[in-house]
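S.K.: One structure, pasted below without further comment.
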Amino acid sequence: MAIIVDDSTKLVVQGITGYQGSYHSKAMMDFGTKVVAGTSPGKAGEKVNNIPVFDSVSEAIETTGANTSCMFVPAPFCKDAALEAIDAGIRTLVVVTEHLPVLDAIHFVSVARSRGITVIGPNCPGIASPGKAKVGILPNNIFKKGNIGVVSKSGTLTYEIVNSITEHGLGQSTCVGIGGDRVSGTSFIDILERFEADNQTKQIVLVGEIGGTAEEEAAEYIKENIDKPVVAYIAGRTAPPGKRMGHAGAIIARGRGTAESKIRALEAAGVKVAKIPTDVPELLT
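For what it's worth, the working numbering labels the leading residue of the sequence shown as 2, then goes sequentially.
Next comes the structure, spelled out in C-alpha cells:
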C-alpha cells in the first residue's frame, strides 16, 4: 500500500522553470511519478519536459487534478508559495527548499495542520514509494520495492542507509525524509503511526541525530504503540562538544538531546540501534 505517495499521486511542481525544478521533474517522471503540471508565475502556456506550465496552483489543479505539490521555490518566496498551494486544495506538500526563516515555516505548517494537509519538510529530500511514486530529490537508483519503511531527518544518511538496505537484497515500502530543521511539517511519530497502519510495511528504520527530543519522543511512542520491529541509527555519536552541526535542529541544550540519551531511550523501547549506518541491514530480521 505504501504511505503518503503512491499510484494516485498527481504532482504539480512549483518552480518548475528553474534549474532544480526542471531537472528533478524529469527525474521524478523517470521514477514513475505522474507529474501532471508545473507552475511559474507569468510563464503559463510553456512546457518543461513536456509538462504544461501554469501561472498558479489553482489553475493547475483545475486543469489536471493535481493533488500533491513539490516546491522548488527560493526561501524568500517559499511561505507565500506554500500558502498558495494550501489555499488551492493541495493535500500533500513536499518542501525541498532550505534556509527558510523559522517564522515562515511556523506560519504555513500551522495553516496546513489546521486543514489536515500533510507537509514533508521544509529542507528535506522528499519521499519515495518504490514502484509507485517519488516526490523530491532522492536518487532514483538506490531504491528497490519491498516492505521496509524508512523515516529519517538526514538526506545524505537516508541515501546511504537505503542504498545499503537495497544492496543487501531488501527493499523499501516508503522512505520519508522529514528534514532536519527546527520546525518540521511531519514528525517521527506521524510517520511511525502511518507505517504501523500500512499493510506493506513489515519493518521500520528510524534515522535520527543529536539535538532536540524528537527521537526520545519517538521511543516513547514506539514503546506504547508500535508492534512492528524497529531498527534505528543516531548520527552524532562522536560529535565533539561545541561543534556546529549542519542541521538547524541538531542543537543540544542543557545536556538534553545527546546521542547517548536517544540511544538509551530507543533501546529501552525495544529498538535495535546500529553503531554505523551500514550495520542497519544486518539488524533487520
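Heads up, the beta-carbon is just placed ideally off N, CA and C, and yes, glycines get one too. All figures in this text were calculated on a predicted structure; none of them were measured in a lab.
Would you mind sorting glutamate 85 into buried or exposed? The rule is 16 or more other CB atoms within 10 Å of its CB.
M.R.: It counts as buried.
S.K.: Would you mind reading off the limits of the beta strand (DSSP E) that contains leucine 94?
M.R.: 93-96
S.K.: Using only alpha-carbon positions, find the residue among Thr175, Ile205 and Glu225 that is nearest to valine 231.
M.R.: Ile205
S.K.: Report the option in Val281, Gly39, Val97 and Asp199 whose CA atom is closest to the CA atom of histidine 169.
M.R.: Nearest C-alpha to histidine 169: Val281.
S.K.: Can you tell me where the beta strand (DSSP E) with proline 53 in it begins and where it stops?
M.R.: 52-55
S.K.: Which first and last residues belong to the alpha helix (DSSP H) in which glutamine 21 is found?
M.R.: 20-32 is the span of the alpha helix (DSSP H), which, as asked, contains glutamine 21.
S.K.: Is the number of C-beta pairs between the region 35-47 and the region 108-124 that are closer than 8 angstroms three or more?
M.R.: The region 35-47 is not in contact with the region 108-124.
S.K.: Under 7 angstroms between the Cβ atoms of glycine 178 and glycine 127?
M.R.: Yes, they are a contact pair.
S.K.: Between Ala134, Cys79 and Lys35, which has its C-alpha nearest alanine 67's C-alpha?
M.R.: Minimum Cα distance to alanine 67 is reached at Lys35.
S.K.: Whose CA, out of Ile227, Gly258 and Ile223, lies closest to the CA of arginine 238?
M.R.: Out of Ile227, Gly258 and Ile223, Gly258 has the C-alpha closest to the C-alpha of arginine 238.
S.K.: Among Lys146, Ile149, Asn164 and Ser188, whose alpha-carbon lies nearest the alpha-carbon of proline 123?
M.R.: Ser188
S.K.: Where glutamate 63 and serine 70 are concerned, what is the direct C-alpha to C-alpha distance, given to the nearest angstrom?
M.R.: 14 angstroms
S.K.: Ordered along the chain, which non-local residues of its own chain (more than five positions away) have a Cβ less than 6 angstroms from that of glycine 150?
M.R.: Ser174, Thr175, Phe196, Thr202 and Ile205
S.K.: Would you kindly check if the distance between the Cβ of proline 77 and the Cβ of alanine 162 is under 7 angstroms?
M.R.: Alanine is not the amino acid found at residue 162; the sequence shown has isoleucine there. Cβ atoms of isoleucine 162 and proline 77: not closer than 7 angstroms.
S.K.: Would a C-beta distance cut-off of 7 angstroms place alanine 220 and alanine 266 closer than the cut-off?
M.R.: A contact, by the Cβ cut-off of 7 angstroms.
S.K.: Grouping DSSP H, G and I as helix and E and B as strand, with all else coil, what is valine 184?
M.R.: coil
S.K.: Could you check if glycine 39 is buried or exposed, using at least 16 other CB atoms within 10 Å of its CB as the buried criterion?
M.R.: buried
S.K.: Do you know offhand how far asparagine 51's Cα is from glutamate 99's?
M.R.: Each residue's alpha carbon lies about 27 angstroms from the other.
S.K.: Report the residue ranges of all beta strand (DSSP E) runs contained in full by the region 159-222; include only those spanning at least 3 residues, in chain order.
M.R.: 173-178 and 204-210
S.K.: If we call anything under 7 angstroms between Cβ atoms a contact, is leucine 171 one with glycine 156?
M.R.: no
S.K.: Are the CB atoms of leucine 207 and alanine 236 within a distance shorter than 7 angstroms?
M.R.: Alanine 236 places its beta carbon 7 angstroms or farther from that of leucine 207.
S.K.: Tell me whether serine 165 is buried or exposed, calling it buried when 16 or more other Cβ atoms sit within 10 Å of its Cβ.
M.R.: buried
S.K.: For a minimum of 3 consecutive residues, which ranges assigned as the beta strand (DSSP E) are wholly contained in the region 62-114?
M.R.: DSSP runs (the beta strand (DSSP E)) wholly in the region 62-114: 69-72 and 93-96.
S.K.: Can the beta-carbon of valine 136 be found less than 7 angstroms from the beta-carbon of valine 95?
M.R.: yes
S.K.: Considering only C-alpha positions, which residue in the set Gly213, Ile190, Gly209 and Asn200 is nearest to arginine 183?
M.R.: Of all alpha-carbon atoms in Gly213, Ile190, Gly209 and Asn200, the one lying nearest the alpha-carbon of arginine 183 is that of Gly213.
S.K.: Starting from the C-beta of glycine 22, find all residues in its chain whose C-beta is less than 6 angstroms away, skip the five residues before and the five after it, and write them out in chain order.
M.R.: Val14, Gly16 and Phe73
S.K.: Measuring straight from C-alpha to C-alpha, what distance separates serine 26 and phenylalanine 32?
M.R.: 10 angstroms
S.K.: Out of Asp105, Met29 and Lys80, which one is the CA nearest neighbour of proline 131?
M.R.: Met29
S.K.: Whole angstroms is fine: what's the gap from valine 1's alpha carbon to glutamate 283's?
M.R.: The question about residue 1 has no answer here: the residues shown for the chain are numbered 2 through 286.
S.K.: Only counting the same chain, and skipping five residues up and downstream in sequence, which positions put a Cβ closer than 6 angstroms to that of valine 37?
M.R.: Lys11, Thr65 and Ala67
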